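Working notes, beginning with the structure itself.
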Ligand SMILES: Cc1cc2nc3c(=O)[nH]c(=O)nc-3n(C[C@H](O)[C@H](O)[C@H](O)COP(=O)(O)O)c2cc1C
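Numbering (the numbering used here), first residue to last: 8 to 336.
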């Protein structure tokens with residue numbers, strides 16, 4: 008009798024072994040978090056997320072109705088972080104760094120406009136920005152959001168539009184266009200994220216070999232027609248998170264990100280179905296290695312997608328009613 012058969016016959020032993028495996032994989036999750044979270048190292052992702060966190064904090068200060076001198080400690084912290092970037096990065100920086108420069112410029116501008124007394128932080132910012140004057144300024148800070156703007160699209164039939172999406176498990180074999188993908192990624196980027204840290208990523212799996220790999224390792228593919236299937240892998244960067252209370256934030260953020268992507272696909276005539284990433288730590292590591300997904304990222308979910316077939320059979324997936332879901336407390 009092999010181990011599987013023994014466990015099948017002994018329920019208590021089976022549950023005990025399951026618990027051991029669960030604890031082992033949770034331990035791996037904790038190790039990954041400790042090894043990659045914001046303060047674990049001073050590498051580019053960690054530094055960029057630190058910038059985004061501070062930018063967000065300063066933007067909230069700038070959105071205050073009763074503006075007064077603020078953010079002295081934050082700008083100091085920001086300069087400290089920005090000084091850690093290597094020179095080759097500064098010559099060709101990513102968006103977070105330019106956002107950092109822009110918010111410092113904005114902060115200084117507000118100080119100047121309000122003729123606030125030049126304190127130590129102000130002088131530091133002025134000195135720091137001297138070397139970065141050539142950078143374009145991104146629209147950071149605050150802006151006036153009007154009721155008119157908020158209600159601009161409220162005449163569309165939103166509820167029925169989102170209700171017209173259904174998970175489909177067969178697709179047409181038309182290749183997904185780059186423009187459609189770009190549109191959907193933009194929709195995903197528009198989703199909210201904790202302190203605007205934008206830690207989610209999406210990978211489109213293109214090679215036949217990697218499509219095969221995912222087809223073999225994903226569990227929930229029963230009932231799928233593989234013809235015309237495209238896979239999108241959604242991940243988040245652990246580097247975006249700074250303390251243990253945030254350890255599960257990545258999953259929530261990626262859920263929002265992925266849903267915006269899926270709704271945009273639907274709008275473009277591309278059907279999809281989420282595939283739960285219910286794999287062991289070992290399988291997860293193997294797949295990340297093969298797909299070249301960095302160690303500091305976690306896979307959250309995979310999506311199978313392709314243009315809608317003319318017709319397909321799909322489960323009704325009837326929903327609970329509003330009273331079962333919503334309670335006024
Ligand atoms: C996180 C997540 C994981 C899912 N995993 C699978 C899966 O592995 N296989 C599958 O066929 N469907 C999967 N689904 C699709 C659900 O079965 C489907 O969303 C649900 O039945 C509701 O149907 P609808 O999407 O058509 O509204 C998943 C959905 C979500 C949100």
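All C-beta atoms, glycine included, are put in the ideal place defined by N, C-alpha and C. From a predicted model like this one, the values you see are computed outputs, not experimental measurements.
- Inclusion of residue 136 and residue 113 in the CB contact set at 8 Å is not warranted, their separation being larger than that value.
- Taking the C-beta atoms as reference points, residue 126 is found no nearer than 8 Å to residue 162.
- Judged by DSSP in its simplified three-state form, residue 295 adopts helix.
- The closest heavy atom of ligand 1 lies 7 Å or more from the beta carbon of residue 254.
- Taking the Cβ atoms as the reference, residue 177 lies roughly 4 Å from residue 232, within the contact range of under 8 Å.
- DSSP places residue 223 in the uninterrupted alpha helix (DSSP H) bounded by 215–224.
- Here residue 196 carries a helix assignment [DSSP, helix/strand/coil].
- For residue 207, the CB stays at least 7 Å from every heavy atom of ligand 1.
- When only Cα atoms are considered, residue 141 and residue 237 end up about 42 Å apart.
- With contacts defined as CB atoms closer than 8 Å, residue 60 and residue 207 fail to qualify as a contacting pair.
- By a beta-carbon distance limit of 8 Å, residue 132 does not contact residue 66. Their separation comes to about 16 Å.
- Per DSSP, residue 269 is not a residue of any beta strand (DSSP E); the alpha helix (DSSP H) it occupies stretches across 256–274.
- Closest by C-alpha distance to residue 305, out of 36, 12 and 26, is 36.
- Between ligand 1 and residue 313, a heavy atom-to-CB distance of less than 7 Å is absent.
- Nearest Cα to residue 198 within the set 324, 277, 62 and 269: 269.
- Here the alpha carbons of residue 19 and residue 171 stand approximately 45 Å from one another.
- With fewer than 16 other Cβ atoms inside 10 Å of its own Cβ, residue 119 counts as exposed.
- Of the heavy atoms belonging to ligand 1, at least one sits nearer than 7 Å to the Cβ of residue 173.
- DSSP places residue 205 in the coil class of the three-state scheme, outside both helix and strand.
- Under the DSSP assignment, residue 242 falls in the beta strand (DSSP E) whose first and last residues are 237–244.
- Here DSSP, grouped into helix, strand and coil, assigns residue 210 to strand.
- If you draw a straight line from the Cα of residue 175 to the Cα of residue 22, it is about 34 Å long.
- Between the stretch 280–290 and the stretch 245–261, the count of Cβ pairs shorter than 8 Å is below three; the stretches do not touch.
- Looking from the CA of residue 218, the closest CA among 235, 204 and 335 belongs to 235.
- In the DSSP annotation of this structure, the continuous segment of the alpha helix (DSSP H) that includes residue 107 starts and ends at 102–120.
- In the structure shown, residue 311 falls within a strand segment according to DSSP collapsed to helix, strand and coil.
- At a cut-off of 7 Å, the beta-carbon of residue 283 counts as near ligand 1: some heavy atom of the ligand is closer than that.
- Assignment of residue 280 by DSSP, reduced to helix, strand and coil, places it in the strand class.
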